[in-house]
Amino acid sequence: NLYGDKAGFPMGFFTSQADLMQRRLLRLGYKCVLLSDVDEMIVPDPVMYPKGLKQYLKEFENSTNIFWRANGFIIAHVSTPDGNENANLEPPLDWSKSVLSQRHYMASQPK
Numbered sequence: 001n002l003y004g005d006k007a008g009f010p011m012g013f014f015t016s017q018a019d020l021m022q023r024r025l026l027r028l029g030y031k032c033v034l035l036s037d038v039d040e041m042i043v044p045d046p047v048m049y050p051k052g053l054k055q056y057l058k059e060f061e062n063s064t065n066i067f068w069r070a071n072g073f074i075i076a077h078v079s080t081p082d083g084n085e086n087a088n089l090e091p092p093l094d095w096s097k098s099v100l101s102q103r104h105y106m107a108s109q110p111k
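So the sequence shown is numbered by my numbering: it starts at 1 and just counts up by one.
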């Protein structure tokens with residue numbers, strides 16, 4: 001919504017600021033710019049990109065495409081079926097390990 005969400009958050013302003021920053025970075029010589037919301041992570045498919053984000057970006061840089069679109073997935077922390085948050089089916093995240101190796105439940109996010 002260019003005029004803001006229900007609380008009046010000016011999304012158009014932030015969208016235009018992101019666009020402006022993206023253009024500046026490209027003019028400064030960056031070969032590509034990767035944008036994400038603050039609450040999102042860019043995690044390339046480990047089967048397709050075993051060397052992770054570095055490989056993903058290198059392949060984009062070497063491609064003839066001017067953009068790639070990422071698919072959004074919600075990686076869920078799952079509790080027991082009765083909703084008891086204290087009886088988790090999966091342990092808390094260990095940030096020294098891959099997130100995808102520790103979470104086994106996800107849902108596709110609508111486009």
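The C-beta atom is built at its ideal place from N, Cα and C for all residues, glycine as well.
A residue is called buried when at least 16 other Cβ atoms come within 10 angstroms of its Cβ; Tyr56 meets this threshold and is buried. Beyond the five residues adjoining it in sequence on each side, Ser98 comes within less than 8 Å, by CB distance, of Pro46 in the same chain, given in chain order. Taken in chain order, the whole beta strand (DSSP E) runs of length 3 or more contained in the region 13-100 are 73-75. At a Cβ-Cβ threshold of 9 Å, Leu93 and Val43 do not count as neighbours. Distance from the CA of Asp19 to the CA of Ala70, rounded to the nearest whole angstrom, comes to 18 Å.
The criterion of a C-beta distance shorter than 9 Å is satisfied by Ala76 and Tyr105.
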